[in-house]
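So for the sequence shown, numbering that gives the first Met the number 0 puts the first residue at 0; every next one is plus one.
To keep things clear, I will list the structure first and then write my remarks on it.
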Amino acid sequence: MESQLSPSEGKGYKVTPIIQEIIFKKSYWRIPTVESAFDGIFEGVLTDEEKKQKIEQVLQEREKWEPSQKAWAQLEEVKTAIGKEVEVQIWDPIIFILEEEGPSPILAKCTGVTLISNEEGKQQAYLTLESVRSKSTPMGYDGRSKLKDGGEKGTFMLPLADIYSIRLGDINSKPENKKMSSPALSVKKQQRKWADTKGIGYDKSGYTHNLNDNLFRPMSTASISEFSKGDGGELGNPYKRGKIQALHSSSALACNVFDYWRGRDATILTQSLGLSAKNPTNIEFERKFPTGLRGNAPNLDVVITSENSSITAIESKFLEPYSNHHNGFKKKYFESSPGLWEKTNFHHCQKLAYFLQTGEISFKWLHAEQLLKHILGLSNSGLQWRLLYLWYEIPSRESYEHLSEIIKLSSFLEADRIHFKFMSYQTLFAAIQSYAGEIDRDYLSYLGERYFNEIA
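Structural data, given as structure tokens:
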């Protein structure tokens with residue numbers, strides 16, 4: 000571990016001037032695990048017997064582990080981050096091989112350091128953070144997936160064991176974050192401004208007169224068919240405009256990002272989403288996965304099928320996280336015993352559903368009930384699946400609280416071993432930019448100008 004002075008730097012965004020950097024050459028708070036036992040060891044280097052011995056050694060070290068004097072010294076140095084703006088780089092073994100594909104740094108204000116005992120009674124140290132956002136990087140994944148719920152909305156905890164470096168900023172020179180009384184209103188204004196510059200007509204509610212004016216390219220035949228079968232009335236009818244004609248439409252955003260990849264090699268898309276599957280065989284909109292209950296099955300916004308028939312189900316959000324939603328389920332979700340989620344061995348999901356129904360847990364910005372319904376449908380599909388929550392991020396109090404709720408939800412899903420991932424549209428777009436080529440220039444220009452310019 001060492002500290003060093005570091006100059007202020009930034010790529011396309013404003014950051015607090017850096018006054019110090021703490022680098023963890025070794026994390027003394029990391030408890031040995033079997034999963035990390037072979038980090039840095041290439042496949043085939045060890046024999047089966049050597050692997051067995053290595054695992055036994057790690058298990059013995061784990062049993063005896065407790066914070067060392069070096070761990071306490073590391074904690075004391077980290078305390079210098081309290082009250083400062085920080086840029087935290089999460090540890091991942093890949094950063095020593097492919098630095099740019101590691102986790103994106105986390106930008107936040109450090110409000111404290113705390114100690115918590117885990118289920119084995121071993122103490123672990125955490126940074127407590129507020130105003131958390133992700134530093135966009137061309138490749139890699141969102142480092143905020145390592146965050147844990149801080150107990151209050153908008154607050155998070157990050158284990159010291161998962162940290163590679165902390166860059167400290169001057170608290171008297173905070174990053175510029177514009178205060179917005181209504182994040183959704185700001186984006187609606189931005190979308191109208193974009194339409195005005197393109198000469199696109201729209202009504203007083205922000206709906207374009209023609210569907211194609213709201214899309215990068217006319218919707219594919221397959222996409223038209225899928226949206227028409229959905230329950231949201233996205234395409235409308237001869238007597239009623241479709242919801243997808245709204246400049247602020249979530250479906251239009253998803254269509255503009257994903258429909259482009261139908262009928263072409265979408266490996267760039269799957270790489271950008273952080274999926275290992277290449278050469279996806281299909282991209283669908285508004286696919287239904289029946290829960291087994293009466294009534295309409297919930298629609299998933301985007302579903303990507305890979306070569307091995309496994310699927311990535313995407314719940315896509317634009318401005319929905321910045322307004323309140325209906326809490327609770329209909330009674331039919333609690334009429335069976337054992338419970339619907341218990342039947343699929345998702346006991347923690349069942350517990351969360353019950354807490355949401357009774358009001359013991361409530362989410363203001365995240366529609367957790369909708370995601371739990373999707374999990375029911377996916378678990379009944381007979382397919383291998385993962386769930387991705389993709390949302391449009393607007394730096395604001397609402398955004399930080401929304402992220403806090405995502406983290407809280409993910410803790411329940413992780414306990415049930417559900418493959419759940421979350422990502423912002425901003426992170427996805429930055430990744431697509433890094434992988435795409437000259438042939439995709441018009442597509443990237445459209446998305447960049449329309450959705451990813453600075454919000455006024």
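The beta carbon of each residue, even a glycine, is placed where N, CA and C say it ideally should be.
**Message:** So, at 7 Å on beta carbons, what are the nonlocal neighbours of Ser116 in its own chain, with the 5 sequence-adjacent residues on each side left out?
**Reply:** Gln122
**Asked** Which ranges would you report for the alpha helix (DSSP H) in the region 361-398 if only whole runs of at least 4 residues count?
**Response** 367-378
**Asked** So, is Tyr332 buried or exposed, given that buried needs 16 or more other C-beta atoms within 10 angstroms?
**Response** buried
**Message:** Out of Glu65, Ile89, Leu339, which one is the CA nearest neighbour of Tyr163?
**Reply:** Ile89
**Item:** Glu55: first and last residue of the uninterrupted beta strand (DSSP E) it sits in
**Value:** Where Glu55 is concerned, there is no enclosing beta strand (DSSP E), although the alpha helix (DSSP H) it sits in stretches over 47-63.
**Request:** Assess, as a yes-or-no matter, whether the region 192-211 is touched by the region 148-163 under the definition of 3 or more beta carbon pairs within less than 8 Å.
**Result:** no
**Message:** Excluding the 5 residues flanking His347 on each side, which residues of the same chain have their C-beta closer than 7 Å to its C-beta?
**Reply:** Phe411, Ala414, Asp415
**Request:** Give every residue of the same chain whose Cβ lies closer than 7 Å to the Cβ of Trp260, excluding the five residues on either side of it in the sequence, and list them in chain order.
**Result:** Leu268, Ile282
**Message:** Taking 8 Å as the threshold (C-beta atoms), are Leu234 and Thr207 in contact?
**Reply:** no
**Prompt:** Three-state secondary structure (DSSP) at Gly111?
**Reply:** strand
**Message:** Between Ile374, Trp28, Ile360, which has its C-alpha nearest Glu75's C-alpha?
**Reply:** Trp28
**Complete runs of the alpha helix (DSSP H) confined to the region 233-320 [at least 4 residues]** = 249-257, 266-271
**Prompt:** Rounded C-beta distance between Ser423 and Asp141? I'm assuming under 8 Å.
**Reply:** 7 Å
**Item:** Beta-carbon proximity check, Arg132 vs Leu106, cutoff 8 Å
**Value:** yes
**Message:** Three or more C-beta pairs under 8 Å: does that hold for the region 376-393 against the region 286-304?
**Reply:** yes
**Asked** Quick one: what's got a C-beta closer than 7 Å to Val186's C-beta in the same chain, skipping five residues either side?
**Response** His247, Leu318, Ile393, Ile454
**Message:** Assuming Leu408 and Leu375 are in contact, meaning their beta carbons sit under 8 Å apart, how far apart are those beta carbons, in whole angstroms?
**Reply:** Leu408 to Leu375, Cβ: 15 Å. No contact.
**Asked** What are the partner residues of Ala156, as DSSP defines its beta bridges?
**Response** Going by the sequence as given, residue 156 is Met instead of Ala. Thr127, Lys147, per the DSSP bridge assignment.
**Message:** Between Pro102, Ile81, Glu118, Glu119, which has its C-alpha nearest Glu129's C-alpha?
**Reply:** Ile81
**Prompt:** Between Val57 and Ile406, what straight-line distance do the alpha-carbon atoms span, to the nearest angstrom?
**Reply:** 29 Å
**Prompt:** Glu42 by DSSP, collapsed to three states: which one?
**Reply:** At Glu42 the pLDDT is 45, less than 50, meaning the model places this residue with poor confidence and gives no usable figure here.
**Prompt:** Going along the chain, which residues of its own chain have a beta-carbon closer than 8 Å to the beta-carbon of Glu334, five neighbours each way excluded?
**Reply:** none
**Prompt:** Under 8 Å, do Ala312 and Trp384 count as touching if we go by C-beta distance?
**Reply:** yes
**Message:** Less than 6 Å between C-beta atoms, sequence neighbours within five positions excluded: which residues of the same chain meet that for Leu351?
**Reply:** Phe411
**Request:** Can you say whether Glu400 is buried or exposed, counting buried as having 16 or more other CB atoms within 10 angstroms of its CB?
**Result:** buried
**Message:** Would Tyr321 and Ala160 qualify as a contact pair, given that the criterion is a beta-carbon distance under 8 Å?
**Reply:** no
**Leu157 beta carbon less than 8 Å from that of Leu114** = no
**Asked** Under the three-state reduction of DSSP, which class applies to Ser423: helix, strand or coil?
**Response** strand
**Item:** Environment of Lys145 [buried if 16+ CB atoms lie within 10 Å]
**Value:** buried
**Message:** Between which two residues does the alpha helix (DSSP H) holding Pro355 run?
**Reply:** The amino acid at residue 355 is misidentified as Pro; the sequence shows Leu. Note, Leu355: alpha helix (DSSP H), 346-357.
**Message:** Do Phe284 and Ser204 have their beta-carbon atoms positioned less than 8 Å apart in this structure?
**Reply:** no
**Prompt:** At what residues does the beta strand (DSSP E) containing Ser164 begin and finish?
**Reply:** 162-168
**Item:** Residue from Gln270, Glu60, Asn236, Val87 with nearest C-alpha to Ile22
**Value:** Val87
**Prompt:** When you compare only the Cα positions, how much space is there between Phe428 and Leu272?
**Reply:** 10 Å
**Message:** Determine whether the beta carbon atoms of Leu443 and Asn255 lie at a separation below 8 Å.
**Reply:** no
**Selection from Glu397, Asn326, Lys342 that minimises the alpha carbon distance to Ala367** = Asn326
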